[in-house]
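Enquirer: Residues are numbered in the working numbering as their position in the sequence shown, beginning at 1, plus a constant of 110.
Sharing a structure with you now.
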Amino acid sequence: MHFLRDLKAGEQVCLLTDSDESTVLANAVSDDVSSSRPKEAEPKSVREARFTAQSWQALQDSNNPVYSLAREFEDIFPEKFPAELPAEQGVRHEIDLVPGPKYCVTRQWPLPRDQVQVIDDFFEGRRKAGHVRESIPPHSSPTLCVKKATGGWRIVHAFNKLNDATIPAQTPIPRKDMVPDTMSGGVIYSAIDLTDGFDQILMRQSDVPLTAVGTPNGVLWEWLMMPQGLNNALATFNRMVSHVFRPLRAFVPSYFDDIFVHSRAEDGLSAVDVHLQHLRKVFEKMSENKPYANLKNCVFWTPEIPVLGCYVSKSGVRADPEKISSICSWSTPDGAAPMAGHRALPLQVYEGLHGPDPADAILAEEGRGVELAS
C-alpha cells in the first residue's frame with residue numbers, strides 16, 4: 111500500500127483480486143468458527159466467547175489439521191504456568207544506570223492488614239518457585255497492591271527511582287505496518303499468543319540486587335527473573351522473541367507476544383504441507399526455548415487472520431470491519447465543509463493502519479501544506 115503515497119491528483123486505483131479459491135485450501139482449511147474470522151464485523155462479546163471456546167477438544171472436533179501436530183508439543187500450551195525458574199533463552203534483562211546514582215531506595219509504606227497477607231503469600235509462592243530470594247542489597251523499592259477489575263489483588267512494585275536512573279534501551283521495536291506487509295501473498299495463516307512473557311526472562315546476574323523490593327513485614331526480596339514494572343522490560347521481551355524466532359523470520363513475523371505464521375505453496379509442496387512444516391519448526395523452537403503460549407487465544411489454519419487491527423488474507427490487507435463501521439455509516443456530504451472531511455478520511459485511515467508518512471510529517475513541521483490525491 112506504500113504506492114498510494116505517490117499518487118497524483120486525478121489518478122485512480124483499481125484493486126483486482128482473484129475470486130477463485132484454492133481447491134487444496136478449501137478442502138484443508140476448517141470452517142469451524144473457532145479457527146477463522148468472519149468477513150463481517152463481530153461484537154466484542156462474540157469474539158471473547160469464541161476464544162473461550164478454543165480448546166484441545168474444539169480443535170479435535172473441528173478436524174483442524176494442526177491438532178495432531180500441536181498435541182506433539184502440548185508442553186508449550188500449559189493450562190497453568192509452570193512454577194519454576196524460566197529456562198535460559200540467550201537473552202537476559204539488563205539494567206544499566208546513568209552515571210551518578212549509587213543507590214535507588216524508596217522506603218516501604220504501611221498497608222492494610224489484608225494486603226500485607228496477600229503480599230506475604232505472593233512472595234512465599236514465588237520463593238518456592240525459585241523466582242525470588244531473600245537478600246540485603248543496598249537498593250529497595252516498595253511493594254503495593256492494586257485491585258483487579260475481576261476481583262483479588264495485583265502485586266505491583268514502585269520502581270520509580272530505579273527507572274529514572276536507568277538508561278533507556280534502543281532496541282528497535284517492530285513497525286506495525288511492516289508485519290502485515292511481510293504476510294501478504296500467504297494462503298494459510300496461524301497466530302500464536304505467548305503468555306506470561308515477563309515471567310520467562312532471567313535477570314542478568316549482576317543486576318539482580320537492583321530488583322530488590324521491600325514488604326510491609328520488613329523482608330527484602332530480589333528477583334532472579336524479570337519483574338513487571340521495570341524500564342526497558344518491553345524492549346527485552348521483544349528482543350527475546352526476536353532472538354528465538356530469528357531463524358524463521360522468512361515466514362514467522364512477530365509483534366511482541368503475537369507470533370504469526372504464513373505459508374504458501376513452494377518447492378513442489380502444497381500450501382497445506384508447507385504450513386504444517388512451518389508450524390513444526392515454530393513449535394520446535396518454542397519447545398527448545400520454553401516461551402509458553404495460551405491455547406485459547408491461538409488461531410490455527412485459517413485463510414484470513416486478524417493482525418494488529420486489520421485482516422490479512424490471500425487477497426491482501428483490509429481494515430477490521432468493526433473498527434470502520436462508524437465510517438461506513440457516514441451520510442452523504444451535502445456541503446463544502448462535510449466534503450472536506452470526506453476528502454481527508456482516506457489519509458486518516460491509512461495513518462491509523464500504517465502510521466504517518468515521514469515526508470508528510472516533515473512538511474507539516476515546516477508549515478507547508480500536504481496535497482491529497484483526489
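For glycine and all other residues, C-beta sits at the position ideal for the given N, C-alpha and C.
Quick caveat: nothing in here was measured; it's all calculated off a predicted structure.
Who are the near neighbours of residue 330 in its chain, counting only those whose CB is closer than 8 Å to its CB and skipping five residues on each side?
Expert: Excluding residues within five positions, the ones whose Cβ falls inside 8 Å are 244, 245, 246, 247, 250, 322, 323 and 324.
Enquirer: Take residue 209 as the anchor and find which of 272, 217, 304 and 165 has the nearest alpha-carbon.
Expert: Out of 272, 217, 304 and 165, 272 has the C-alpha closest to the C-alpha of residue 209.
Enquirer: Please return the same chain residues whose Cβ sits closer than 8 Å to the Cβ of residue 340, not counting the five positions on each side in sequence.
Expert: Correct list, in chain order: 203, 205, 269, 272, 273, 276 and 321.
Enquirer: Is residue 394 helix, strand or coil by DSSP?
Expert: Here residue 394 sits in helix by DSSP.
Enquirer: With DSSP run on the structure shown, which of helix, strand or coil describes residue 368?
Expert: Here residue 368 sits in strand by DSSP.
Enquirer: Quick one: is residue 288 buried, meaning 16 or more other Cβ sit within 10 Å of its Cβ, or exposed?
Expert: Exposed is the call here.
Enquirer: If contacts are defined as beta-carbon pairs under 8 Å, then residue 381 and residue 298 qualify, I think. What distance do you get, rounded to the angstrom?
Expert: Right, the Cβ-Cβ distance comes to about 5 Å (below 8 Å), so this counts as a contact.
Enquirer: At what residues does the alpha helix (DSSP H) containing residue 403 begin and finish?
Expert: No alpha helix (DSSP H) contains residue 403, which DSSP labels as neither H nor E.
Enquirer: Between the C-alpha atoms of residue 304 and residue 348, what's the straight-line distance to the nearest angstrom?
Expert: Answer to the nearest angstrom: the Cα atoms are 11 Å apart.
Enquirer: Could you tell me the boundaries of the alpha helix (DSSP H) in which residue 244 lies?
Expert: From DSSP, residue 244 is part of no alpha helix (DSSP H) but of the beta strand (DSSP E) over 242 to 244.
Enquirer: Helix, strand or coil: how does DSSP classify residue 424 here?
Expert: In the structure shown, residue 424 sits in coil (DSSP, three-state: anything other than H, G, I, E or B).
Enquirer: Note down, one range per segment and in chain order, each alpha helix (DSSP H) of at least 4 residues found wholly within the segment 207 to 280.
Expert: Runs of the alpha helix (DSSP H) inside the segment 207 to 280: 223 to 239 and 270 to 274.
Enquirer: Report the CB separation of residue 310 from residue 196 in whole angstroms; it is logged as a contact under 8 Å.
Expert: That pair is a contact at about 5 Å.
Enquirer: Just how far apart, CA to CA, sit residue 374 and residue 417?
Expert: Answer to the nearest angstrom: the Cα atoms are 18 Å apart.
Enquirer: Just how far apart, CA to CA, sit residue 336 and residue 386?
Expert: Straight-line Cα distance between these residues: approximately 33 Å.
Enquirer: Spatial neighbours of residue 302 within its chain, please: CB distance less than 6 Å, with the 5 preceding and 5 following residues excluded, ordered by chain position.
Expert: Excluding positions up to five away in sequence, the list reads 369, 403 and 408.
Enquirer: Where residue 177 and residue 398 are concerned, what is the direct C-alpha to C-alpha distance, given to the nearest angstrom?
Expert: C-alpha separation (whole angstroms): 20 Å.
Enquirer: Kindly indicate which three-state DSSP category residue 195 falls into: helix, strand or coil?
Expert: Coil.
Enquirer: Compare the Cα-Cα distances from residue 217 to each of 283, 338, 328 and 174 and report the closest residue.
Expert: Of 283, 338, 328 and 174, the residue nearest in Cα terms is 328.
Enquirer: Considering only the alpha carbon of each residue, which of 234, 239 and 228 lies closest to residue 255?
Expert: It is 228 whose Cα lies nearest to the Cα of residue 255.
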